[in-house]
Amino acid sequence: MANVDGRVLALDVGRKRIGLAVSDSMGLAQGLDTLLRKTMREDVARLRQIAMERKVSLFLVGLPLNMRGDEGEMAEFVRTFARKLEDGTGLPVKFQDERLTSVEAESRLQERGMSLERMLKEKRKGAVDRLAAMILLEDYLRAGGEAE
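So the sequence shown is residues 1220 to 1367, counted in my numbering.
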């Protein structure tokens, strides 16, 4: 299992939502919630509160790279958010390549019998964001806490 000190809060950051997952005391990833984005200040305050409640020592932020591994506009947006999160919470931030986590999340939902057609669109998106954060965290923990 991962050699990670303290709990990790994983974030799948989008322009409208932030999917959340946290590592538990056993070092396993648990899906938390999906936050609807508000202002940068409010988002950071809510994440600071969650981090305090969950005794988190690190934020793991999914970095959206294109399939060639290059960073685009969304990666720049996420890096800016992460800097503000680090400044606003005093907790370190690591980045993890999040390519294909949403695809895997949708696949897992289908395997669980959650028909994407039957789920309300916003509910489905929130479930995908939360599960993508969990997959991101699982990958990080499986790699022993190695990330950018």
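Ideal placement from N, C-alpha and C gives every residue a C-beta, glycine not left out. Treat the numbers as computed from the prediction; the structure is a model and nothing was measured.
Only counting the same chain, and skipping five residues up and downstream in sequence, which positions put a Cβ closer than 6 angstroms to that of Glu1341?
Here the model assigns Glu1341 a pLDDT of 48, short of 50, so the residue's position is not dependable, and the following value carries that caveat. There are no such residues.
What three-state label does DSSP hand Ala1221 in the structure shown?
Its pLDDT being 43, under 50, Ala1221 is placed unreliably in this model, and the value from its coordinates should be taken loosely. DSSP places Ala1221 in coil when its eight states are reduced to three.
Assign Ser1242 to one of two classes, buried (16 or more other C-beta atoms within 10 Å of its C-beta) or exposed (fewer than that).
Ser1242 should be labelled buried.
So is Glu1272 buried or exposed if we call it buried at 16+ other beta carbons inside 10 Å?
Counting Cβ neighbours within 10 Å, Glu1272 comes out exposed, since fewer than 16 surround it.
Of all the options Ser1244, Gly1225, Gly1281 and Gly1309, which has the alpha carbon lying nearest to the alpha carbon of Asp1358?
Per the Cα distances, Gly1281.
In this structure, how does DSSP classify Lys1274 when only helix, strand and coil are distinguished?
Three-state result, Lys1274: coil.
Using only the alpha-carbon positions, how far apart do Arg1267 and Leu1279 sit?
Cα-Cα distance, rounded: 14 angstroms.
Mind checking which residues open and close the alpha helix (DSSP H) that includes Thr1308?
From DSSP, the alpha helix (DSSP H) with Thr1308 extends over Glu1292 to Thr1308.
Pick from Leu1310, Glu1261 and Ile1237: whose alpha carbon is nearest that of Glu1250?
Note that residue 1250 is Gly in the sequence shown, not Glu. Checking every option, the nearest Cα to that of Gly1250 belongs to Ile1237.
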